[in-house]
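S.K.:
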Amino acid sequence: MNIFRLAGDLSHLLAIIILLLKIWKTRSCAGISGKSQVLFAIVYLTRYLDLFTTYISLYNSIMKIVFIAASGATLYLMYVKFKATYDHNHDSFRIEFLLIPCVILALIINHDFTVMEILWTFSIYLESVAILPQLFLVSKTGEAESITSHYLFALGSYRALYLLNWIYRYMAESHYDLIAIFAGVVQTILYCDFFYLYITKVLKGKKLQLPA
Amino acid sequence: QQTKTDKDEL
Chain U
310 MNIFRLAGDL SHLLAIIILL LKIWKTRSCA GISGKSQVLF AIVYLTRYLD
360 LFTTYISLYN SIMKIVFIAA SGATLYLMYV KFKATYDHNH DSFRIEFLLI
410 PCVILALIIN HDFTVMEILW TFSIYLESVA ILPQLFLVSK TGEAESITSH
460 YLFALGSYRA LYLLNWIYRY MAESHYDLIA IFAGVVQTIL YCDFFYLYIT
510 KVLKGKKLQL PA
Chain S
14 QQTKTDKDEL
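Residue numbers (my numbering), protein chains in the order written: chain U, 310 to 521; chain S, 14 to 23.
(1) Would you report the Cα separation of residue 352 of chain U and residue 394 of chain U, rounded to the nearest angstrom?
(2) Are the C-beta atoms of residue 468 of chain U and some chain S residue less than 8 Å apart?
(3) Per the contact definition of three or more C-beta pairs closer than 8 Å, is the segment 334 to 351 of chain U in contact with the segment 396 to 403 of chain U?
(4) The alpha helix (DSSP H) spanning residue 442 of chain U covers which residue range?
(5) Does the pairing of the segment 429 to 445 of chain U with the segment 497 to 504 of chain U give three or more beta-carbon distances under 8 Å?
(6) Give a yes or no on whether 8 Å exceeds the smallest Cβ distance from residue 419 of chain U to chain S.
(7) On the CB-based measure, 16 or more other CB atoms within 10 Å of its CB, does residue 357 of chain U come out buried or exposed?
(8) Can you grab the Cα-Cα spacing for the pair residue 397 of chain U / residue 453 of chain U, in whole Å?
(9) Residue 372 of chain U touches chain S at which residues, Cβ-Cβ below 7 Å?
(10) Pull up the CB-CB distance for residue 459 of chain U and residue 312 of chain U, whole angstroms please, since I reckon it's below 8 Å.
(11) Let me check understanding here. Comparing Cα to Cα, which of U:389, U:367, U:519, U:488 lies closest to residue 435 of chain U?
(12) Is there a Cβ from chain S that is less than 8 Å from the Cβ of residue 365 of chain U?
(13) Select from U:321, U:335, U:425 the residue whose C-alpha is nearest the C-alpha of residue 261 of chain U.
(14) What does the Cβ neighbour count give for residue 511 of chain U, buried or exposed, with the cut at 16 atoms within 10 Å?
(15) So what's residue 453 of chain U in DSSP terms, helix, strand or just coil?
(16) Determine which residues of the segment 314 to 325 of chain U have a Cβ less than 8 Å from any Cβ of chain S, and write them out in chain order.
(17) For residue 23 of chain S, does the three-state DSSP call read helix, strand or coil?
(18) Give the interface partners of residue 311 of chain U over in chain S, defined as CB-CB distance under 9 Å, in chain order.
(19) How would you list, in chain order, the residues of chain S whose beta-carbon sits under 9 Å from the beta-carbon of residue 369 of chain U?
(20) For residue 288 of chain U, name the three-state secondary structure that DSSP assigns.
(21) Please work out which residues of its chain come closer than 8 Å, Cβ to Cβ, to residue 16 of chain S, disregarding the five sequence neighbours upstream and downstream, and give them in chain order.
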């Protein structure tokens, strides 16, 4: 564990908590893509299966349980409790166009052709594009509530911090994983446009308005 | 052959 990875995990945890609080406090999931949340739930379920088979550390196990539980709670709030506030019309990204290529790629490019490894690889590829429906929704509505942009900033920062973690681990432990690094770079690049808008607008107190 | 990821990351 290093400071970059810890900061990344905490940023990830913060993002999930911000989202849950936003939906719970405003009793609305307007502006949030349910499809992205479904993809994140799939990411956690396919990646954290080893929760029951390998024990790495208490921290590792607790965080996995928290992520799976929080994503389940978010889906429940979005699709059951506050279903009426879910923006079906704008949340129209075809997630099969993300799922199928990730499955195919995971079968072709992986470290080991075993079920656990394929699922982990699929989860890594899927996570890199899981935010697309959310970014698509923001671009369609043309704006995002400031709490939603804080959520996106924390979520985008998490993988950016992981990139620093991988640089550190390569230098300090000569440990690297090209699949995770490649997907992490793609994932972080997808946020760059948003990061620019967040820093130039939201931090100045303006609303996040995408140029029409 | 790159190092096998020890999957200690979240």
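Where a beta carbon is used, it is the ideal one built from N, C-alpha and C, also for glycine.
M.R.: Short version:
(1) 25 Å
(2) Answer no: the Cβ-Cβ gap between residue 468 of chain U and chain S never drops below 8 Å.
(3) yes
(4) Taken as a continuous stretch (DSSP letters only), the alpha helix (DSSP H) holding residue 442 of chain U covers 441 to 450.
(5) yes
(6) With 8 Å as the cut-off, residue 419 of chain U does not count as an interface residue toward chain S.
(7) buried
(8) Going by the C-alpha atoms only, they are around 16 Å apart.
(9) 23
(10) The pair is not a contact, with the Cβ atoms about 22 Å apart (cut-off 8 Å).
(11) U:488
(12) At least one chain S Cβ lies under 8 Å of residue 365 of chain U.
(13) Since the first and last residues shown for chain U are 310 and 521, residue 261 of chain U lies out of range.
(14) buried
(15) strand
(16) 314, 318, 321
(17) coil
(18) Within chain S, no residue comes near residue 311 of chain U; the closest Cβ sits about 11 Å away, beyond 9 Å.
(19) 21, 22, 23
(20) A question about residue 288 of chain U goes unanswered here, because the residues of chain U that appear run from 310 up to 521.
(21) Residue confidence is low: residue 16 of chain S scores 42 on pLDDT, short of 50, so the model does not pin down where it sits. Its coordinate-derived value is still stated next. Cβ within range, chain order: n/a, list empty.
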